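Presented below is the structure to which this report refers.
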Amino acid sequence: MDNKVIKADYIWLDGASPTQQLRSKVKVIPCGQAVDLSVFEEWGFDGSSTYQATGHDSDLNLRPVCFYPDPVRGDGNYLVMCEVFTPDNEPHPTNSRAQLRRALEMGGEAQDPWAGYEQEYTFFKDGRPLGWPENGYPAPQGPFYCSIGSQVAFGREIVEEHLDMCLKAGLLAYGTNAEVMPGQWEFQIGYRGGKGENASILKMADETWIARYLLCLVAEKHGVQVSFDVKPVKGDWNGAGMHTNFSTKATRDSKSGMKAIEDAIQNLSQRHKEHIAKYGANNHERLTGHHETCSINEFRSGVANRGCSIRIPRSVATKGYGYFEDRRPGANANPYDVAFMLVSTVLNVRTS
Ligand code: ADP
Ligand code: MN
Ligand code: MN
Ligand code: MN
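Taking the working numbering, the leading residue of the sequence shown gets 282, the next gets one more, and so forth.
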């Protein structure tokens, strides 16, 4: 064990605007002990190269907050999620995870919020969605959603490899499906109902970022790009969202469930604009009222209705308790921001 080293890929969010991007760098750590969080020490980086600092005062700190077995580099290596701190030991303004932690500490946690994220995305190659003809367009939408066959499903090899990697990393991967637009796919991270599984919203937001990271890495290997653009192709093609499913102790309780869901929707209806502001760049291109969306200017809720802002799944309405789906977040939204807004609004947590 003595001279053993591990590769730790430190992952963080940069300061790109309007959409933060993933960054990572690998640290080789001599390590002869059992691995826990303390093995991963704080590390610095050049914030002036990530839109997070100026050149004359550029050093920022990466503080590891959780880690996963690294399915890319293999056994004994780790992916390490980090928060960014300033030299004064304050969360950096781009540290949206710290803001979510604060909302949870200031009352959110008591309601035990869980989440499930449905992450849609589009593969690109040679400047066009994967599987699209060099000139012109594919057949109109219809046959592609959940499709099978090389004439309709494009990129499955990457999708399956990605799902295996998520499972190897121990993420709560819930499933995948081909989407309505050819070249577009979805993966879900979230509550699965397994015994002892923890689907708390902070953990699910972390895991959605790690799943995005793994997707980009697998696709890189295949020479394919991943776009989280909310409307990667203009016109009569579905956009890409990140539906966020949310529940609390009260919504999951068979006695209070439906009333708690109605109260949550009432609260959400009061803060529609504030939510939209945090739900991803260019979301107006996607939330048009067509293509299974509600217009960005309206707030609507309903059972089993995919033209709503908030959808109550049919199975939840039948049982009378469970969760609801916020259909507004775009594919490029930051899961920490979406979680922060849901926790703040639904649970009446005010952090400032
Ligand atoms: P859709 O029918 O909208 O396509 P999916 O089957 O893609 O839905 O995803 C369902 C999502 O709901 C998953 O991410 C799952 O983790 C999440 N989910 C299920 N139950 C709960 C719950 N009680 N609380 C929060 N999220 C949940
Ligand atoms: Mn889905
Ligand atoms: Mn979908
Ligand atoms: Mn959905």
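Built from N, CA and C at the ideal position, the CB exists for glycine as well. Note that the structure is a prediction, hence the values are computed from the model and not measured.
Could you pull the DSSP bridge partners for D290 from this structure?
Looking at the DSSP assignment, D290 forms a beta bridge with V307, L360.
For E322 versus Y402, is the C-beta spacing smaller than 9 Å?
It is not a contact, given that the beta carbons lie outside the stated cut-off.
For the segment 494-501 against the segment 367-376, are there 3 or more C-beta pairs whose distance is under 8 Å?
Contact between the segment 494-501 and the segment 367-376 is absent, because fewer than three Cβ pairs lie under 8 Å.
Contact set for L496: own chain, Cβ-Cβ below 6 Å, skip 5 residues either direction:
By the criterion of a C-beta distance shorter than 6 Å, L496 is surrounded in its chain by H443, V507, once the five residues flanking it on both sides are discounted.
Beta carbon of N548 nearer than 9 Å to that of N629:
In this structure, N548 sits near N629, with a CB-CB distance shorter than 9 Å.
Spell out a yes or no on whether the segment 381-397 and the segment 432-443 are touching, meaning 3 or more CB-CB pairs, one atom from each, closer than 8 Å.
Short answer: they don't touch.
Can you tell me whether DSSP reads M523 as helix, strand or coil?
The answer is strand: DSSP assigns M523 an E or B state.
Start and end residues, alpha helix (DSSP H) containing K449
Unbroken alpha helix (DSSP H) run through K449: 437-449.
Would the segment 508-515 count as touching the segment 403-420 if we require 3 or more Cβ pairs under 8 Å?
Flag = yes, the segment 508-515 and the segment 403-420 touch.
Complete runs of the alpha helix (DSSP H) confined to the segment 510-590 [at least 4 residues]:
For the segment 510-590, whole alpha helix (DSSP H) runs of length 4 or above, ordered along the chain, are 538-551, 553-558, 564-567.
Select from A614, T626, V624 the residue whose C-alpha is nearest the C-alpha of E399.
Closest option to E399, Cα to Cα, is A614.
Within the continuous beta strand (DSSP E) that includes P350, where are the two ends?
Unbroken beta strand (DSSP E) run through P350: 340-350.
Using 8 Å as the cut-off, classify the Cβ of E460 as near or not near the heavy atoms of ligand 3, replying yes or no.
For E460, the CB falls within less than 8 Å of some heavy atom of ligand 3.
C-alpha distance - Y472 paired with G336, whole-angstrom precision:
Near 43 Å, if we compare the C-alpha coordinates of G336 and Y472.
Backbone secondary structure at I482 - three-state DSSP
Residue state, collapsed to three classes: helix.
Quick check on this structure: which residue in G430, V346, C427, G474 has the alpha carbon closest to the alpha carbon of R533?
The option with the nearest alpha carbon to R533 is G474.
Nearest-angstrom Cα distance between V619 and N526?
Between the alpha carbons of V619 and N526 lies a gap of roughly 11 Å.
Can you tell me whether I292 is buried or exposed, with buried defined as 16 or more other CB within 10 angstroms of its CB?
The residue is buried, with at least 16 neighbouring Cβ atoms inside 10 Å.
Quick one: Cα of L483 to Cα of P419, how far?
Using only the alpha carbons, I get a separation of about 39 Å.
Could you tell me which residues DSSP pairs with A384 in its beta bridges?
Answer by DSSP bridge pairing: none, since A384 is not bridged.
Taking the continuous alpha helix (DSSP H) assigned at S596, which residues delimit it?
Annotation: the continuous alpha helix (DSSP H) that includes S596 extends over 595-600.
With which residues is K406 paired in a DSSP beta bridge?
R409.
Go through the residues and name those whose CB comes closer than 5 Å to any heavy atom of ligand 1, in chain order.
Residues flagged by the Cβ proximity filter: W395, G397, E399, Y455, Q469, G471, Y472, N526, S528, Y604.
Are the beta-carbon atoms belonging to K288 and N358 less than 9 Å from one another?
One thing to note: K288 has its Cβ within 9 Å of the Cβ of N358.
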